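The sequence shown maps to residues 0 to 434 in numbering that gives the first Met the number 0. Note that the Cβ used here is the ideal one computed from N, Cα and C, for glycine as well. From a predicted model like this one, the values you see are computed outputs, not experimental measurements. The next block holds one structure in the form of structure tokens; read it before the comments.
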Amino acid sequence: MRVSVVGCGYLGAVHAACMAELGHEVVGIDVDAAKIEMLASGKPPFFEPGLPELLTSAMASGRLTFTTDISEAAGATVHFVAVGTPQLGDSNAADLRYVDAAVDALLPHLAAGDLVVGKSTVPVGTAARLADVVAASGSGATLAWNPEFLREGFAVKDTLTPDRLVYGIGQDDASAEAALDGVYASALAGGTPKVVTDYATAELVKVAANAFLATKISFINAMAEVAEATGADVTQLADAIGYDARIGRRFLNAGLGFGGGCLPKDIRAFMARAEELGVDQALSFLREVDSINLRRRERMVDLATEVVGGDLRGKNIAVLGLAFKPDSDDVRDSPALDVAIRLAELGAHVIATDPEAVETSRRRYPDADYVTTAEEAVKGADAVLLLTEWKQYRELDPEAVGALVERRAIVDGRNCLDPAAWRGAGWTYRALGRP
Ligand code: UDX
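Below is the structure:
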């Protein structure tokens, strides 16, 4: 099939490459010329495992091209809209200007029978509004909403073999389902479940899923707060409740909490939309989910202050990890970078490192001392803070690190180290939710 993908960020670039991998003929379109230039030379403008290889092979096959020229969408029959919906500067609501602009830009290039497919995460009601816009254009095209559930770090796998497909389609638009079935033929043949529904349900599926995941993380972090007050161990508590299949152990890792380009802004936009709809009470728990999450960052700063003796000023603090999670260079709403900035603002000398996120962090916060390796970061440190659980940090040797620091004090912000091993090597070991 001929497919266009408008918006080549994390979502769109991966989607475009994966669609080409599945055999479709794909044009990726973005207004950002620098981004398109990088993608066209086979280099993703962000870190995502497996994506460079996929881009190279898809472009070599001749099935994937990138352009800034929206008119090249003409000729494709399915047009994915994968632009960002960031949080508005002055409220919790989502900024829909990029989605609106993408659909408007597509309109002159649509032909009868084409399908515009929204993938961006939007407030419920957006798809119905945009369906009217497409209908009013007189092109004969229609619109569907097909939310994306990919996780950064696993984006390629999640796109090629999703755990479910959700189609929100307009009334009596049988051709929309057929077109999407064509796009996703290989996943469907592999047994991926499909839910065909209306626009509102499809839009809500996405935000409900993210709200549930955020709630699960904040639930265990609330238990961490109680554990801290009682001397209990939240990691063992998570293991124990996680054996109940109804609860499950996944997404019950207590620590510094969630960040990234999705969960924080999606739960806030969901609350903002609920308020507009007059059902804000239904989602008032999400305010608590957000607060619990943000309190973990404060607690981390408190623990760092404690292990250096009560005053951060002039102390060398090694920060290991800046990305919002491992296998990503994304620092949008990153708890790790946020903590690093707070420590610096409190007068600490922060020496920060991350395998992939130093450059993205530097762009957001140029004032920290960034280094390339953990060894450089910990040299002469009064305390070491593990804030993103990259594999190379989880595997650090307490003796080897101990030989480099000024004082053997570590705060494990992700509960990913073995406390016995670190204490055994003479370290003061502190963690979130553990004695
Ligand atoms: C998320 C959803 O998982 C995905 O389905 C959706 O499409 C986009 O948003 P992503 O932002 O890539 O994906 O990250 P995810 O793996 O969900 O992690 C989110 C945050 O939660 C990270 O900061 C991570 O460190 C944190 N987290 C995750 C925890 O603190 N504890 C956990 O147990 C799991």
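DSSP bridge partner residues for residue i (one or two, in chain order)
i	result
serine 3	Val26, His78
phenylalanine 65	Gly27
tyrosine 428	Ile409
valine 165	Val194
valine 442	Since the first residue shown for the chain is 0 and the last is 434, residue 442 is missing from the structure and cannot be characterised.
arginine 298	In DSSP, arginine 298 forms no bridge with anything.
alanine 73	Ala75
For residue j and residue i, the rounded distance between their alpha carbons
i	j	result
tyrosine 277	threonine 64	Note that residue 277 corresponds to glycine in the displayed sequence, not to tyrosine. When rounded, the distance between both Cα atoms is 45 Å.
phenylalanine 148	glutamine 280	26 Å
threonine 387	glycine 139	49 Å
aspartate 417	glutamate 374	19 Å
asparagine 220	alanine 228	13 Å
glutamate 408	alanine 382	In the sequence on display, residue 408 carries alanine and not glutamate. When rounded, the distance between both Cα atoms is 5 Å.
aspartate 310	leucine 342	11 Å
leucine 293	aspartate 301	13 Å
valine 182	alanine 15	12 Å
asparagine 145	valine 123	13 Å
glycine 190	leucine 159	12 Å
tyrosine 198	alanine 268	18 Å
serine 443	alanine 101	Given a span of 0 to 434 for the chain in the structure shown, any question on residue 443 remains unanswerable.
arginine 298	glycine 412	10 Å
arginine 62	lysine 264	34 Å
valine 306	threonine 427	8 Å
alanine 367	phenylalanine 250	31 Å
alanine 127	alanine 73	23 Å
glycine 162	aspartate 31	In the sequence under discussion, the amino acid at residue 162 is aspartate, which differs from the glycine named in the question. Whole-angstrom Cα-Cα distance: 31 Å.
aspartate 99	phenylalanine 79	13 Å
glutamate 36	glycine 313	43 Å
isoleucine 340	phenylalanine 218	26 Å
leucine 403	leucine 384	14 Å
For residue i, the three-state DSSP class (helix, strand or coil)
i	result
isoleucine 472	Missing from the structure shown is residue 472; the chain here goes from 0 to 434 and no further.
threonine 120	coil
glutamine 170	coil
threonine 84	coil
aspartate 417	coil
tyrosine 97	helix
leucine 105	helix
lysine 156	helix
arginine 286	helix
valine 195	strand
alanine 253	coil
alanine 402	coil
arginine 312	coil
alanine 317	strand
valine 383	strand
alanine 239	helix
aspartate 368	strand
arginine 433	strand
asparagine 91	coil
phenylalanine 269	helix
arginine 341	helix
Cβ neighbour criterion (16 or more within 10 Å) applied to residue i
i	result
glutamine 86	buried
tyrosine 392	buried
arginine 433	buried
glutamate 47	buried
threonine 125	buried
phenylalanine 284	exposed
lysine 390	exposed
aspartate 113	buried
aspartate 243	exposed
proline 192	exposed
lysine 34	buried
threonine 371	exposed
serine 70	exposed
arginine 296	buried
glycine 308	exposed
valine 194	exposed
aspartate 131	exposed
Member of the options whose CA lies at the smallest distance from the CA of residue i
i	options	result
serine 3	Leu53, Asp328, Val115, Pro48	Val115
glycine 423	Gly401, Ala134, Thr84, Arg413	Gly401
asparagine 315	Gly346, Gly27, Asp366, Asp332	Gly346
aspartate 68	Arg96, Ala104, Asp301	Ala104
glycine 258	Ser90, Asp328, Ala231, Gly169	Asp328
leucine 319	Val132, Ser60, Tyr369	Tyr369
tyrosine 97	Leu109, Ala81, Cys261	Ala81
aspartate 171	Thr196, Leu255, Glu358	Thr196
serine 290	Ala143, Ala237, Leu255, Gly41	Leu255
glycine 22	Leu142, Gly11, Ser185	Ser185
Below-7 Å beta-carbon distance, residue i vs any chain C residue
i	result
valine 233	As a matter of chain content, chain C is missing from the structure shown, which is built from one protein chain.
Proximity test, residue i beta-carbon vs the ligand NAP heavy atom, cut-off 6 Å
i	result
cysteine 17	Absence of the ligand NAP is noted for the structure shown, with the ligand UDX being the only ligands found.
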